[in-house]
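Undergrad: Just so you know, the sequence shown maps onto residues -17 to 191 in my numbering.
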Amino acid sequence: MLRRDFLTTLLGASALGLSSQAWSAQPSKFLEGINYQKLPKPVSIDPYKKKVVEVFFYGCPHCYHLEPSLNQWLKTKPKDVHFERMPAVLDNPNWVFMARVFYTAKALGILDKFHEAYFDAIQRDGKRIFDIETLANYCEQFGVKHNDYVQMFKSFKVDQMVQKARILTKEYGVDGVPAVIVNGKFRTDVPMAEGKPQLWQLVNELTQK
-17 MLRRDFLTTL LGASALGLSS QAWSAQPSKF LEGINYQKLP KPVSIDPYKK
33 KVVEVFFYGC PHCYHLEPSL NQWLKTKPKD VHFERMPAVL DNPNWVFMAR
83 VFYTAKALGI LDKFHEAYFD AIQRDGKRIF DIETLANYCE QFGVKHNDYV
133 QMFKSFKVDQ MVQKARILTK EYGVDGVPAV IVNGKFRTDV PMAEGKPQLW
183 QLVNELTQK
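1) Give a yes or no on contact between the region 28 to 44 and the region 99 to 112, applying the rule of three or more CB pairs nearer than 8 Å.
2) Rounded to the nearest angstrom, what separates residue 150 and residue 157 at their Cα positions?
3) Quick one: using the 10 Å Cβ neighbour count with 16 as the cut-off for buried, is residue 169 buried or exposed?
4) State the Cα-Cα distance for the pair residue 140 and residue 89, rounded to the nearest angstrom.
5) By the three-class DSSP mapping on this structure, what secondary structure does residue 58 have?
6) Count the other C-beta atoms from every protein chain shown that fall within 10 angstroms of the C-beta of residue 110, then say buried if there are 16 or more, exposed otherwise.
7) Using DSSP with H/G/I as helix, E/B as strand and the rest coil, what is residue 100?
8) For residue 13, is the classification buried or exposed, using 16 other Cβ atoms within 10 angstroms of its Cβ as the cut-off for buried?
9) Hey, how far is the Cα of residue 147 from the Cα of residue 188?
10) At a cut of 8 Å, does the region 11 to 26 reach the region 76 to 87 through at least three beta carbon pairs?
11) Expressed to the nearest angstrom, what Euclidean distance is found between the alpha-carbon atoms of residue 175 and residue 49?
12) Could you name the residues of the same chain whose beta carbon sits closer than 7 Å to that of residue 56, not counting the 5 residues immediately before and after it, in chain order?
13) For residue 59, count neighbouring Cβ atoms within 10 angstroms of its own Cβ and tell me buried if that reaches 16, exposed if not.
14) Helix, strand or coil for residue 180, going by three-state DSSP, please let me know.
15) Which first and last residues belong to the beta strand (DSSP E) in which residue 161 is found?
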């Protein structure tokens, strides 16, 4: 798990468990305070009734290696569970910059194509796509003009999205990534759940609470 101070100098299918219905029919093997934490103050998930948020950072190898099991879980998750990715915004300019990268792609409507490709490029391939100009050139492959990317990256719209993520990062009590927030009430991660398969089993269970 990547903690907030790990990247001060950085930037340079598994079994997914039983269905949510099955979980309700047997006692839980997961313990509050050990395998997950209950947030002191619930965070609204309106308009959704069930919501899972993965809090991540593009510069985090642990987040990158969680992607395969996460994507597999997405194929099997209950239809009534809404899922979102959210970049963590901690007190480090690198985290803020990478949050802008995520929300710029989202605002431009290319996030579905961009997310996995960018993660692969910087984590697997070691490409240094860490400045606005290089990012603008990189995103031309997704049909975005260079100037349009730069303009959106610097926009007030992206400012607002990053600020909201900053607030939620604090409300979720996240100080390391990847972290998973369930129903705005519970926080867990791979070490707490004691493995990736167990993480998604736990997430399925927590969505029912």
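Every residue, glycine too, gets a C-beta built ideally from N, C-alpha and C.
TA: Reading it off the structure:
1) Short answer: they touch.
2) The count along the sequence shown starts at 1 and reaches residue 150 at position 168. The count along the sequence shown starts at 1 and reaches residue 157 at position 175. C-alpha separation (whole angstroms): 12 Å.
3) Counting from one through the sequence shown, the residue named residue 169 turns up at place 187. Buried, since its Cβ has 16 or more Cβ neighbours within 10 Å.
4) The residue given as residue 140 occupies position 158 in the sequence shown. The residue given as residue 89 occupies position 107 in the sequence shown. C-alpha separation (whole angstroms): 7 Å.
5) The residue labelled residue 58 in the question sits at position 76 within the sequence shown. Here residue 58 sits in helix by DSSP.
6) The residue given as residue 110 occupies position 128 in the sequence shown. By the 10 Å Cβ count, residue 110 comes out exposed.
7) Residue 100 sits at position 118 when you count from the first residue of the sequence shown. The answer is helix: DSSP assigns residue 100 an H, G or I state.
8) Here residue 13 refers to the residue found at position 31 of the sequence shown. Residue 13 should be labelled exposed.
9) Within the sequence shown, numbered from 1, the residue matching residue 147 stands at position 165. Within the sequence shown, numbered from 1, the residue matching residue 188 stands at position 206. Near 22 Å, if we compare the C-alpha coordinates of residue 188 and residue 147.
10) no
11) Translated into the one-based positions of the sequence shown, residue 175 becomes position 193. Translated into the one-based positions of the sequence shown, residue 49 becomes position 67. Looking at the two C-alpha atoms, the distance is approximately 16 Å.
12) The sequence position of residue 56 within the sequence shown is 74, counting from 1. If we look at residue 56 and ignore the five residues flanking it on each side, its Cβ neighbours are 65.
13) Translated into positions along the sequence shown, residue 59 becomes position 77. So residue 59 counts as buried.
14) Along the sequence shown, one-based indexing puts residue 180 at 198. In this structure, residue 180 counts as helix in the three-state DSSP scheme.
15) Indexing the sequence shown from 1 puts residue 161 at position 179. Residues 161 to 164.
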